[in-house]
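Trainee:
Put into structure tokens, the structure is as follows:
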């Protein structure tokens, strides 16, 4: 064998694995992996979901009202104002079976009739309550519309949402690659629009006053294993926080990403959510942890303020040197270690 042939063979041996490593996982490849390791997502109709209530000062808005502020706004964008925070007729669906937990959220950003076929965003969290593996799916942005077109006629037709790994949809229905965004775009994160994993830093499902109204329609796994699979999410390694005798970790874990930047403050009256009205900014709605809160504000402060402040101090402990702060890798296997 000539030297040139040997060199080419050597280059080929190294180049092929490198090309495979840099290949961006497609939607269908990711969806196949998720179906194989967690379970398949069935087709569904967003209009079959349960309405997430919207109220202003305890009353639902009128039939043609689209309030900018409300008692329990959506926290899909927890730190910045966004369309749809107080728009009626967004819906939630629980498509779970056995250990395969599937939560679908169909969001309205503009006012439409309850059973209109159009939505502005469809999000699915797919989680296995046994092995902890989790996948994230989000619809592509709606196609741009001209100013002459009515906003209510825009959006995504979501009366048959395709399974993310579906190759051949029924005639006249969108394919998976037409409907769903790529895993790389779902995993991308910015300061204004953090990725799913950064917000869902303590577990696959987040409680808020908004989603808490339909919490019986949401699967939960607050203490189970939890890890995001797929190439696009491989760089995320979540940590949980605790301090000695902390009252905030009795019902669920506390993460160190958006729990620090948003949810610790929002759930304890230290931050005001965009979309909050007067009622939402007053006690007890601005203190929504613990979820069964029935105490006076003075009683709440006595029971919880020290624990909240301790966790917020841990949020500032980037070097993990505070002896009162324990940081633990998210449990995704039997090997769990703590950092103090």
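Numbering (this note's numbering), first residue to last: 1 to 340.
We put the beta carbon where it would ideally sit given N, CA and C, even for glycine.
1. Would you mind working out which of 177, 38, 290 sits nearest residue 102, comparing C-alpha positions?
2. Since residue 304 is in the alpha helix (DSSP H), which residue starts that stretch and which ends it?
3. For residue 33, tell me which candidate among 79, 134, 106, 64 has the shortest Cα-Cα distance.
4. DSSP on residue 288, reduced to helix/strand/coil?
5. Under 6 Å Cβ to Cβ from residue 281, same chain only, skipping five residues before and after it: list those, please.
6. Give me the Cβ distance between residue 53 and residue 213, rounded to the nearest whole Å; I'm assuming they're in contact under 8 Å.
7. Rounded to whole angstroms, what's the CA-CA distance from residue 69 to residue 60? Just pull it up for me.
8. Within 10 angstroms of the Cβ of residue 235, are there 16 or more other Cβ atoms? Answer buried if so, exposed if not.
9. How many Å lie between residue 76 and residue 172 at the Cα?
10. Span of the beta strand (DSSP E) holding residue 102?
11. Which residues bound the beta strand (DSSP E) around residue 38?
12. My parser needs the alpha helix (DSSP H) runs of 4 or more residues fully inside the region 198–234; what are they?
13. Considering only their Cβ atoms, is the gap separating residue 107 from residue 121 smaller than 8 Å?
14. Any idea if residue 130 is buried or exposed, counting beta-carbon neighbours within 10 angstroms, 16 or more meaning buried?
15. Out of 207, 187, 204, state which residue places its alpha-carbon closest to the alpha-carbon of residue 233.
16. Leaving out the 5 sequence neighbours to the left and right, which residues in its chain are closer than 7 Å to residue 91 when beta-carbon positions are compared?
17. With distances taken from CA atoms, which of 269, 25, 318 is nearest residue 305?
18. Mind checking residue 80: buried by the 16 CB within 10 Å criterion, or exposed?
19. Suppose contacts are defined by Cβ-Cβ distances below 8 Å. Is residue 314 in contact with residue 243 by that definition?
20. From the DSSP output, which residues share a beta bridge with residue 138?
21. What's the gap between the Cα of residue 222 and the Cα of residue 289?
22. Taking the beta strand (DSSP E) that residue 329 belongs to, which residues open and close that run?
23. In angstroms, rounded to a whole number, what distance separates the CA positions of residue 182 and residue 26?
24. Near residue 202, which residues of its chain fall below 7 Å by C-beta distance, leaving aside the five closest residues on each side in sequence?
Mentor: Here's the rundown:
1. Within the chain shown, residue 102 is the residue found at index 102, counting from 1. Checked all of 177, 38, 290; the closest Cα to residue 102 is 38.
2. As a first step, residue 304 is located in the chain shown; it is residue number 304 there, counting from the start. Unbroken alpha helix (DSSP H) run through residue 304: 297–315.
3. As a working note, residue 33 is residue 33 in the chain shown. Here the closest residue by C-alpha is 134.
4. Taking the first residue of the chain shown as position 1, residue 288 is located at position 288. Residue 288: coil per DSSP, three-state reduction.
5. The count along the chain shown starts at 1 and reaches residue 281 at position 281. Listed in chain order, the non-local C-beta contacts of residue 281 below 6 Å within the same chain comprise 272, local neighbours out to five positions each way being set aside.
6. Reading the chain shown from its first residue, position 53 is the one you call residue 53. Reading the chain shown from its first residue, position 213 is the one you call residue 213. About 5 Å separates the Cβ atoms of residue 53 and residue 213, confirming a contact at the 8 Å cut-off.
7. In the chain shown, counting from the first residue as 1, residue 69 sits at position 69. In the chain shown, counting from the first residue as 1, residue 60 sits at position 60. Cα-Cα distance, rounded: 12 Å.
8. Residue mapping note: residue 235 aligns to position 235 of the chain shown, counting from 1. Residue 235 comes out exposed.
9. For the purposes of this step, residue 76 is identified with residue 76 of the chain shown, where counting begins at 1. For the purposes of this step, residue 172 is identified with residue 172 of the chain shown, where counting begins at 1. Near 31 Å, if we compare the C-alpha coordinates of residue 172 and residue 76.
10. Locating residue 102 in the chain shown gives position 102, where the first residue counts as 1. Its beta strand (DSSP E) spans residues 100–107.
11. One-based indexing of the chain shown puts residue 38 at position 38. Counting along the chain, residue 38 sits inside no beta strand (DSSP E), nor does DSSP assign it H or E at all.
12. For the region 198–234, whole alpha helix (DSSP H) runs of length 4 or above, ordered along the chain, are 209–212.
13. Position 121 of the chain shown holds residue 121. Position 107 of the chain shown holds residue 107. Residue 107 sits close to residue 121, with the two beta carbons spaced by under 8 Å.
14. Counted from its first residue, the chain shown places residue 130 at position 130. By the Cβ-count criterion, residue 130 is exposed, with fewer than 16 other Cβ atoms from all chains shown falling within 10 Å of its own Cβ.
15. As a working mapping, residue 233 is identified with position 233 in the chain shown. Of the candidates 207, 187, 204, 187 places its Cα closest to the Cα of residue 233.
16. On the chain shown, residue 91 is found 91 positions in, with the first residue counted as 1. A distance below 7 Å between beta-carbons, with the five flanking residues on each side excluded, links residue 91 to the following residues of its chain, in chain order: 46, 49, 50, 51, 52, 106.
17. Here residue 305 is taken as the residue at index 305 of the chain shown, counted from 1. When each option's Cα is compared against that of residue 305, the closest is 269.
18. Working through the chain shown from its first residue, we reach residue 80 at position 80. By the 10 Å Cβ count, residue 80 comes out exposed.
19. Along the chain shown, one-based indexing puts residue 314 at 314. Along the chain shown, one-based indexing puts residue 243 at 243. Inclusion of residue 314 and residue 243 in the CB contact set at 8 Å is warranted, their separation being smaller than that value.
20. As a first step, residue 138 is located in the chain shown; it is residue number 138 there, counting from the start. Answer by DSSP bridge pairing, in chain order: 123.
21. Stepping through the chain shown from its first residue, residue 222 is reached at position 222. Stepping through the chain shown from its first residue, residue 289 is reached at position 289. About 15 Å.
22. Position 329 of the chain shown, counted from the start, is the residue given in the question as residue 329. Residue 329 -> beta strand (DSSP E) spans 326–329.
23. Here residue 182 is taken as the residue at index 182 of the chain shown, counted from 1. Here residue 26 is taken as the residue at index 26 of the chain shown, counted from 1. Answer to the nearest angstrom: the Cα atoms are 6 Å apart.
24. Within the chain shown, the letter at position 202 stands for residue 202. Result list for residue 202: 240, 252, 253, 254, 255, 259, in chain order.
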